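In what follows, a single structure is set out as structure tokens and then discussed.
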Amino acid sequence: MAYTKRIDGRKFNETRKMEAKVNIIKNADGSALFRFGDTIAIAAVYGPKPLHPQHLRNPEKGLLRCNYDMISFSVSERKRPGPTRRSQEISKVSEWALTPIVELEKYPNTVIDVHIIVLQANASTRCAGINAAALALANAGIPMKQLVSSVSVGKIDKKVVVDLIKEEEDYREGEGSTDIPLAFLSKSGEISLLQLDGKIRPKELDEAIKIGREASKEVYEIQKRALKAVGEEK
Amino acid sequence: MIAEKKIIKQKVDEEREGKKKKREIAIPGEKIVSGKEYLPGDGTVREKDDIVARRFGLADISGRLVKVIPLSGIYMPRVGNIVIGRVEDVTFNGWILDLKSPYSSFLSVSECPRYIKGDLTEYYDIGDVLACKVVSVKHKSIDLTIKDRGLGKLDKGLIIHINSNKVPRVIGREGSMIKMIKDETGCEITVGQNGVVWISGSKVEDELKAKEAVLFVANKSYIEGLTDKVKKFFEGKRGGKK
Amino acid sequence: MKISDLMKKRIQEFLDEEKRFDNRKLLEFRKIEIETGVSKNAEGSARVKIGDTEVIAGVKIDVTEPYTDHEDEGTLMVVAELLPLSSPHFEPGPPRIEAIELARIVDRGLRESGFIDFKKLCVKKGEKVFGVCVDIYSINNDGNLIDASCLAAVSALKTARMPKYDTKLERIKYGELTSKGLPLTKNLPLTITFHKIGEKILIDPSSEEEETSEGRISFALSRNPGKKEDIVINAIQKGNPKTFEEKEIFEIAELAVEKFKELEKRIKTKEK
Numbered sequence: 001m002a003y004t005k006r007i008d009g010r011k012f013n014e015t016r017k018m019e020a021k022v023n024i025i026k027n028a029d030g031s032a033l034f035r036f037g038d039t040i041a042i043a044a045v046y047g048p049k050p051l052h053p054q055h056l057r058n059p060e061k062g063l064l065r066c067n068y069d070m071i072s073f074s075v076s077e078r079k080r081p082g083p084t085r086r087s088q089e090i091s092k093v094s095e096w097a098l099t100p101i102v103e104l105e106k107y108p109n110t111v112i113d114v115h116i117i118v119l120q121a122n123a124s125t126r127c128a129g130i131n132a133a134a135l136a137l138a139n140a141g142i143p144m145k146q147l148v149s150s151v152s153v154g155k156i157d158k159k160v161v162v163d164l165i166k167e168e169e170d171y172r173e174g175e176g177s178t179d180i181p182l183a184f185l186s187k188s189g190e191i192s193l194l195q196l197d198g199k200i201r202p203k204e205l206d207e208a209i210k211i212g213r214e215a216s217k218e219v220y221e222i223q224k225r226a227l228k229a230v231g232e233e234k
Numbered sequence: 235m236i237a238e239k240k241i242i243k244q245k246v247d248e249e250r251e252g253k254k255k256k257r258e259i260a261i262p263g264e265k266i267v268s269g270k271e272y273l274p275g276d277g278t279v280r281e282k283d284d285i286v287a288r289r290f291g292l293a294d295i296s297g298r299l300v301k302v303i304p305l306s307g308i309y310m311p312r313v314g315n316i317v318i319g320r321v322e323d324v325t326f327n328g329w330i331l332d333l334k335s336p337y338s339s340f341l342s343v344s345e346c347p348r349y350i351k352g353d354l355t356e357y358y359d360i361g362d363v364l365a366c367k368v369v370s371v372k373h374k375s376i377d378l379t380i381k382d383r384g385l386g387k388l389d390k391g392l393i394i395h396i397n398s399n400k401v402p403r404v405i406g407r408e409g410s411m412i413k414m415i416k417d418e419t420g421c422e423i424t425v426g427q428n429g430v431v432w433i434s435g436s437k438v439e440d441e442l443k444a445k446e447a448v449l450f451v452a453n454k455s456y457i458e459g460l461t462d463k464v465k466k467f468f469e470g471k472r473g474g475k476k
Numbered sequence: 477m478k479i480s481d482l483m484k485k486r487i488q489e490f491l492d493e494e495k496r497f498d499n500r501k502l503l504e505f506r507k508i509e510i511e512t513g514v515s516k517n518a519e520g521s522a523r524v525k526i527g528d529t530e531v532i533a534g535v536k537i538d539v540t541e542p543y544t545d546h547e548d549e550g551t552l553m554v555v556a557e558l559l560p561l562s563s564p565h566f567e568p569g570p571p572r573i574e575a576i577e578l579a580r581i582v583d584r585g586l587r588e589s590g591f592i593d594f595k596k597l598c599v600k601k602g603e604k605v606f607g608v609c610v611d612i613y614s615i616n617n618d619g620n621l622i623d624a625s626c627l628a629a630v631s632a633l634k635t636a637r638m639p640k641y642d643t644k645l646e647r648i649k650y651g652e653l654t655s656k657g658l659p660l661t662k663n664l665p666l667t668i669t670f671h672k673i674g675e676k677i678l679i680d681p682s683s684e685e686e687e688t689s690e691g692r693i694s695f696a697l698s699r700n701p702g703k704k705e706d707i708v709i710n711a712i713q714k715g716n717p718k719t720f721e722e723k724e725i726f727e728i729a730e731l732a733v734e735k736f737k738e739l740e741k742r743i744k745t746k747e748k
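Protein chains in written order, with the working numbering: chain G, 1 to 234; chain V, 235 to 476; chain X, 477 to 748.
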């Protein structure tokens with residue numbers, strides 16, 4: 001049976017309800033929350049600060065270090081605490097997604113730590129994490145060329161959809177489910193995150209990225225609104 | 235430095251005039267204003283005709299100069315800044331201080347006003363707090379001095395932390411804000427440009443009052459008519475005491 | 477920046493005059509906020525704020541094998557993580573002793589009070605029992621994580637729902653909860669942590685006070701199952717190398733009972 005109607009009734013190009021909030025952790029130099037429906041991620045930025053040990057220091061530019069993790073009760077089957085191969089990989093791709101936006105050459109020999117924690121998971125956790133992290137970096141006052149907005153697209157059987165939920169990720173009928181987390185830089189439009197699991201043809205991939213780009217613009221609007229709200233508080 | 239002082243002065247002037255213009259939030263990568271006549275200042279770059287924000291903050295257009303006034307961010311040392319730091323480590327020829335900045339800073343024995351010999355920890359030890367002046371920022375290493383009036387070890391009073399971007403407001407126009415707080419509380423206050431503030435009074439209550447006032451200014455530094463609000467703050471305090 | 481010696485001295489001098497930087501009394505808690513049901517995928521969850529300190533706790537229920545010496549009882553596991561996100565002083569990596577100790581104190585309070593009726597968590601004697609797992613995470617640390625964590629753990633347990641259990645497959649149907657709560661008793665445990673700075677004893681320290689403190693002692697207390705008016709100590713943990721006089725311990729124990737009652741009242745009004 002073809003995937004003609006989404007499980008949760010959304011349009012194919014419709015994201016879940018998004019929410020973003022900046023300045024949520026007092027101790028951090030910058031922090032933010034980002035939510036896609038039931039997926040909630042928070043991020044905190046500490047730094048730039050002196051980098052130890054010394055041999056990791058780069059006299060040409062600073063280091064952006066990402067640390068992604070999910071809390072044990074973010075998923076329905078308890079996740080054992082501590083890093084996994086999955087979380088380490090996501091930390092790294094998140095780091096790559098975020099690094100191009102930051103002017104690291106302004107802070108040689110230093111490190112900026114970005115901690116991403118998934119509080120509640122229903123797919124697209126890395127996208128929510130990257131969106132929160134981009135806001136936290138801005139909130140930390142770090143010089144940035146632009147923001148980055150992340151969203152997942154997928155192909156369910158033959159249909160390209162945006163912002164998958166867990167049940168869609170697990171779809172088995174027809175051509176099954178293909179999950180493509182993406183991140184777009186807000187100004188240049190370049191892609192800084194692209195992963196894919198599933199089955200897809202080049203033409204469909206092109207369609208998926210186009211739909212993802214449109215959805216990422218909505219993410220960006222939510223991010224901007226959250227940053228503007230900080231100014232109004234003051 | 236001079237340009238910065240001018241802008242701070244201007245900010246205060248504008249405040250005095252009441253609501254002049256509302257500053258928009260600057261989003262990194264977004265255009266602040268368009269036109270060849272504008273000049274890109276701190277936190278901005280020119281991209282063709284546009285002046286584009288390169289950090290999050292408040293967009294400020296003063297005449298032709300466009301800049302982003304930061305709302306947050308780590309302290310970046312500049313030569314001439316008075317800062318307050320904590321001794322983190324002691325080396326054979328000086329002290330390493332934590333200034334809450336991305337780089338550690340060094341106070342050499344040669345930058346002390348008196349002759350120092352033997353065990354350096356007898357002069358300043360780990361955990362001590364010193365008011366210093368930044369003498370050089372080279373290759374991202376910071377050198378400090380305490381050879382000046384009012385500098386050196388702080389051995390009484392208390393320390394509070396504010397965001398370094400709020401320091402100009404706490405000091406106020408030509409030091410007017412901090413003078414008012416000093417006069418009202420009878421406390422000695424040194425506001426480090428790195429956001430570390432030292433308060434020392436003869437009574438606990440005075441220090442706490444000064445602390446509250448400094449935090450009040452730091453947290454409300456983007457509202458209009460701040461000077462009057464601080465006056466009211468102290469009047470309220472006095473009223474409460476009766 | 478770490479706390480300076482100057483600040484430590486001033487905090488102590490203030491305390492000598494029975495004063496604190498935030499105008500609190502020595503034995504006064506900061507504002508406490510409790511929010512439950514903060515996580516959809518947990519069987520129970522809570523967010524607790526004490527001043528600027530914030531922790532979240534979640535309960536997950538699993539089916540597991542019982543311990544051989546308690547064949548007809550469910551099991552309990554308490555794990556705490558001090559997230560690097562919550563403080564510039566917490567480093568990533570395997571849990572350090574601070575996190576382990578914190579979880580152990582909460583664990584002992586929960587276990588020794590008899591708050592959870594473990595016998596009612598038996599599925600098949602000697603083979604299958606429900607295992608209760610409480611995970612605690614720091615979100616922002618401004619001191620007193622121990623008391624905040626215990627409060628969050630208890631609040632999460634109180635609102636937890638039992639998961640659906642497939643008797644044929646003998647396993648949990650994840651994501652499906654029943655309307656039944658955990659089998660809990662009235663012996664709700666709470667911790668009260670005391671700090672000694674100079675000669676003064678205080679509770680609920682801010683980060684600055686905690687860094688100044690040399691002596692720490694935590695009490696987990698609850699009401700005695702039989703007699704409700706009887707408050708008992710279920711666990712004590714003296715932390716840090718600083719020693720206490722016998723007289724001090726006795727005084728603190730009495731204060732702990734008083735503060736327990738107060739905290740209990742504050743939680744009850746929060747629930748209304």
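C-beta atoms are modelled at their ideal positions from N, C-alpha and C, and glycine is treated no differently.
Bear in mind the structure is a predicted one, so any value in this text is a computation, not a measurement.
Do you know how far the Cα of residue j is from the Cα of residue i?
i                      : j                      : result
residue 502 of chain X : residue 690 of chain X : 16 Å
residue 364 of chain V : residue 445 of chain V : 19 Å
residue 154 of chain G : residue 259 of chain V : 34 Å
residue 595 of chain X : residue 552 of chain X : 12 Å
residue 59 of chain G  : residue 486 of chain X : 40 Å
residue 635 of chain X : residue 658 of chain X : 8 Å
residue 616 of chain X : residue 334 of chain V : 19 Å
residue 464 of chain V : residue 447 of chain V : 7 Å
residue 46 of chain G  : residue 331 of chain V : 19 Å
residue 286 of chain V : residue 471 of chain V : 44 Å
residue 412 of chain V : residue 370 of chain V : 27 Å
residue 540 of chain X : residue 477 of chain X : 46 Å
residue 34 of chain G  : residue 129 of chain G : 7 Å
residue 18 of chain G  : residue 629 of chain X : 29 Å
residue 426 of chain V : residue 686 of chain X : 25 Å
residue 476 of chain V : residue 467 of chain V : Because residue 476 of chain V sits at a pLDDT of 37, beneath the cut-off of 50, its placement in the model cannot be relied upon, and the following sentence gives the value as read from the coordinates. Spanning the two alpha carbons is a distance of roughly 15 Å.
residue 646 of chain X : residue 545 of chain X : 22 Å
residue 274 of chain V : residue 299 of chain V : 6 Å
residue 254 of chain V : residue 460 of chain V : Any reading at residue 254 of chain V is ruled out, since the residue's pLDDT is 46, under 50, leaving its predicted position unreliable.
So which residues of chain X does residue i contact, with C-beta pairs closer than 7 Å?
i                      : result
residue 120 of chain G : 515, 516, 517
What in chain X is Cβ-close to residue i, meaning under 9 Å?
i                      : result
residue 115 of chain G : 559, 560, 561, 562, 568
residue 361 of chain V : 478, 479, 480, 481, 482, 484
Residue i touches chain V at which residues, Cβ-Cβ below 7 Å?
i                      : result
residue 483 of chain X : 392, 393
Going by DSSP, what residues sit across from residue i in a beta bridge?
i                      : result
residue 88 of chain G  : DSSP lists no partner for residue 88 of chain G.
residue 713 of chain X : X:694
residue 556 of chain X : X:612
residue 639 of chain X : X:653
residue 683 of chain X : None; residue 683 of chain X has no bridge partner.
residue 702 of chain X : Its beta-bridge partners do not exist; DSSP assigns none.
Going along chain G, which residues have a C-beta under 7 Å from residue i?
i                      : result
residue 262 of chain V : 138, 144, 145, 146, 147
residue 467 of chain V : Within 7 Å Cβ-Cβ: nothing; residue 467 of chain V doesn't reach chain G, min ~17 Å.
What does residue i touch in chain X if you count any residue whose Cβ is under 8 Å from its own?
i                      : result
residue 334 of chain V : 477
residue 238 of chain G : The structure shown does not extend to residue 238 of chain G, since chain G spans only 1 to 234, so no value can be given for it.
residue 389 of chain V : 482
Give the residues of chain V in contact with residue i, contact being defined as C-beta atoms less than 8 Å apart.
i                      : result
residue 726 of chain X : By Cβ distance, chain V contributes nothing, its closest Cβ being about 30 Å from residue 726 of chain X, past 8 Å.
Using a cut-off of 9 Å between C-beta atoms, extract the partners of residue i located in chain V.
i                      : result
residue 493 of chain X : 438
Practice prompt. Report yes or no: do the region 57–71 of chain G and the region 168–182 of chain G share at least 3 C-beta pairs separated by less than 8 Å?
Written response: no
Worksheet item: Are the region 93–111 of chain G and the region 31–42 of chain G in contact at 8 Å, needing three or more beta carbon pairs?
Response: no
Item to complete: Flag this pair as touching only if the region 669–676 of chain X and the region 646–661 of chain X have three or more C-beta atom pairs under 8 Å; answer yes or no.
Response: no
Discussion item. Does the contact criterion of 3 or more C-beta pairs under 8 Å hold for the region 578–585 of chain X versus the region 511–529 of chain X?
Written reply: no
Fill in: the region 322–330 of chain V contacting the region 415–429 of chain V, beta-carbon criterion three pairs below 8 Å
no
Item to complete: Within the region 153–231 of chain G, note down every full alpha helix (DSSP H) run reaching 4 residues or more, in order along the chain.
Response: 166–169
Worksheet item: Where are the alpha helix (DSSP H) runs, 4 residues long or more, that stay fully inside the region 566–631 of chain X, in chain order?
Response: Counting whole runs of 4 or more residues, the region 566–631 of chain X contains the alpha helix (DSSP H) stretches 573–589.
Worksheet item: Do three or more CB pairs link the region 293–311 of chain V to the region 80–97 of chain G at distances below 8 Å?
Response: no
Discussion item. Pairs of beta-carbons, one from the region 370–379 of chain V and one from the region 337–355 of chain V, closer than 8 Å: are there three or more?
Written reply: yes
Practice prompt. Evaluate contact between the region 713–722 of chain X and the region 688–704 of chain X, counting only Cβ atoms and requiring at least three cross-stretch pairs below 8 Å.
Written response: yes
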